[in-house]
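In what follows, a single structure is set out as structure tokens and then discussed.
Protein chains in written order, with our numbering: chain X, 1 to 344; chain Y, 1001 to 1176.
Right, dumping it as structure tokens:
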């Protein structure tokens, strides 16, 4: 590589943004050329100066408050419009509303009666939280330290009775840094460790046949956030001190999770006795196919409630970030609830 | 109710990036009050477009809106005479001939001198440096925010650094 080319790319080299071939060429040239290596040193000196200077401005507290109050103003303005029309509803709409209310309370009662067993979640959450804290305290974060998923995954062979899905999320800003064995729910589980800047994220994985569920924040305790989801026959629990938003983004980056933007389930109308949701949007890189649901559940729902994948349902197109229409059943079966985010 | 939930979700996912938003606006407008106005307007815009956010990098999404709002604002408010028409041909100066004391000069640069030198760079160079050095963004993210190609990000950053070094050496070289 010539000096001219080297000087042109030295900036990109310093940022670690060159491809492998060019990086190697640069390094070879820099080793032998004092002029170019001095150029690199100068670039480094500039970068150090900029970083040392703490030149970033933080948003003033007053601005934060101003934005929050203008958001408040813009949302509360919409409310009266709706309440006004409420009083002028014809009698049959009142009846319909009452029926919906009745259905809701019955289902709420069913959920409360243990269909979704929240207390079990709470128990796991407590254990996950304790394991996360212990892993940081006892200086026992990793048994195998590697950023290579093909090193971490085989490491679990013979140590567990399952092979956990391991993926590196470095390109999304969450590099894999290692893994270890941990103990949760009376069994050995895989703990995968990811890093977000200087924060660690522990992801606990174990087999679980309960099907598919949306990634969702469970709770935050003493500054740590927890998130859970299940997919592909595994249950995943992530714990970290990163912000809830970062943790949600992390879960969104993982192919093993999907998040549904609950607020995008915004157009709900009833048609021929079924709720029809349109404009569902999928978060992040998640690809969702009907086939990824437990087939028995899907068929049962389709058979009994004419839901998921029924006429008009196009949920199995599997495209990223596309708007699709999907028919969800109106009997609030667990599958459709998971899909629409109602249950979560 | 859904509107309230939408606002809460917006506050949880977008407002954590408020510092980054204000920082970019502050460097592009070069003025606190204007930066606050622009950031507020950008956030309200983001709230309006929130349903169109299709996942992915929230910070880059927000900063794209902030940047567009900034440029609209600059276009409307900057005195016509002061618009920086930047001729790449004239300004494509060689990199500073690596004078040995340069490294010492750069190492001695204080915050105020750095701030002034960075503020004097043309907008397109200042923004890439702010996104890269102060926000730690990758070239890909910068390319998304500034809607340019990766190659353009790389060459703009290289030129921005060269110019910043030149003006620092000019400013500090005189003093010493």
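We put the CB at the ideal spot given by N, CA and C, even for glycine.
What you are looking at is a predicted structure, and each value in this text was computed from that prediction instead of being measured.
Check: Whether or not the segment 1103-1121 of chain Y and the segment 1144-1152 of chain Y are in contact is what I'm after, with contact meaning three or more pairs of Cβ atoms, one per stretch, closer than 8 Å; do they touch?; Outcome: no
Check: Going by the beta-carbon positions, is the gap between residue 12 of chain X and residue 5 of chain X smaller than 7 Å?; Outcome: no
Check: DSSP on residue 30 of chain X, reduced to helix/strand/coil?; Outcome: helix
Check: Contact check, residue 1161 of chain Y vs residue 43 of chain X under 8 Å by CB: the rounded distance?; Outcome: 6 Å
Check: Any chance the segment 226-246 of chain X sits against the segment 189-209 of chain X, with 3 or more Cβ pairs inside 8 Å?; Outcome: yes
Check: Would you say the beta carbon of residue 1156 of chain Y comes nearer than 6 Å to a heavy atom of the ligand FMN?; Outcome: Among the components modelled here there is no ligand, and therefore nothing to report on the ligand FMN.
Check: Quick one: give me the first and last residue of the beta strand (DSSP E) that residue 203 of chain X is part of.; Outcome: 199-207
Check: Counting only Cβ-Cβ distances shorter than 8 Å, please list the residues of the segment 13-46 of chain X near chain Y, keeping chain order.; Outcome: 15, 17, 35, 38, 39, 41, 42, 43, 45, 46
Check: Output yes if chain X places a C-beta closer than 7 Å to the C-beta of residue 1103 of chain Y; else output no.; Outcome: yes
Check: Helix, strand or coil for residue 185 of chain X? Go by DSSP, reduced to three states.; Outcome: coil
Check: With distances taken from CA atoms, which of X/205, X/66, X/69, X/178 is nearest residue 195 of chain X?; Outcome: X/178
Check: With 16 other CB atoms within 10 Å as the buried threshold, where does residue 1002 of chain Y fall?; Outcome: exposed
Check: Counting pairs of Cβ atoms below 8 Å between the segment 121-129 of chain X and the segment 147-154 of chain X, do you hit three or more?; Outcome: no
Check: Name the DSSP bridge partner or partners of residue 1138 of chain Y?; Outcome: In the DSSP output, where bridge partners are listed per residue, residue 1138 of chain Y has none listed.
Check: By the criterion of Cβ-Cβ separation under 7 Å, what are the contact partners of residue 57 of chain X in chain Y?; Outcome: 1022, 1023, 1026
Check: Going by alpha carbons, who is nearest to residue 41 of chain X out of Y/1159, Y/1102, Y/1152, Y/1063?; Outcome: Y/1102
Check: Please decide whether residue 49 of chain X counts as near chain Y, where near means a Cβ-Cβ distance under 7 Å.; Outcome: yes
Check: Starting from the beta carbon of residue 1191 of chain Y, find every residue of chain X whose beta carbon is closer than 7 Å, and list them in chain order.; Outcome: Missing from the structure shown is residue 1191 of chain Y; chain Y here goes from 1001 to 1176 and no further.
Check: Distance check for residue 182 of chain X and residue 60 of chain X, CA to CA, integer angstroms please.; Outcome: 43 Å
Check: Could you say if the segment 184-194 of chain X and the segment 223-232 of chain X meet the contact criterion of at least three C-beta pairs nearer than 8 Å?; Outcome: no
Check: What does DSSP give as the partner residues of residue 1154 of chain Y in its beta bridges?; Outcome: Paired residues: none, contrary to the question.
Check: Which first and last residues belong to the alpha helix (DSSP H) in which residue 55 of chain X is found?; Outcome: Note, residue 55 of chain X: premise wrong, no alpha helix (DSSP H); not H, not E.
Check: Within the 7 Å Cβ cut-off, does residue 284 of chain X reach chain Y?; Outcome: Model confidence at residue 284 of chain X stands at a pLDDT of 24, short of 50, so the residue's coordinates are unreliable and nothing is read from them.
Check: State the DSSP-derived secondary structure class of residue 235 of chain X, mapped to helix, strand or coil.; Outcome: strand
Check: Consult DSSP for residue 1166 of chain Y and reduce its assignment to one of helix, strand or coil.; Outcome: helix
Check: So the candidates are X/25, X/28, X/7, X/16; which of them puts its Cα closest to the Cα of residue 36 of chain X?; Outcome: X/7
Check: Put residue 45 of chain X into one of helix, strand or coil per three-state DSSP.; Outcome: helix
Check: Quick check: the Cα distance between residue 1169 of chain Y and residue 1154 of chain Y, rounded to an integer number of angstroms?; Outcome: 23 Å
Check: Consult DSSP for residue 135 of chain X and reduce its assignment to one of helix, strand or coil.; Outcome: helix
Check: Got a sec? Which residues, its chain only, sit under 8 Å from residue 1013 of chain Y by beta carbon, not counting five neighbours each side?; Outcome: 1058
Check: Please say whether residue 49 of chain X and residue 1023 of chain Y have beta carbons closer to each other than 7 Å?; Outcome: no
Check: What number of angstroms, rounded off, separates the C-alpha of residue 1092 of chain Y from the C-alpha of residue 1130 of chain Y?; Outcome: Per-residue confidence for residue 1092 of chain Y stands at a pLDDT of 43, beneath the threshold of 50, marking its modelled position as unreliable; no derived number is given.
Check: For residue 1021 of chain Y and residue 1073 of chain Y, what's the separation of their Cα atoms in angstroms?; Outcome: 15 Å
Check: Express the C-alpha separation of residue 67 of chain X and residue 1042 of chain Y in angstroms, rounding to a whole number.; Outcome: 10 Å
Check: In its own chain, which residues sit with a C-beta less than 7 Å from the C-beta of residue 29 of chain X, not counting the 5 before and 5 after it?; Outcome: 1, 6, 36
Check: In three-state terms, what does DSSP make of residue 1053 of chain Y?; Outcome: coil
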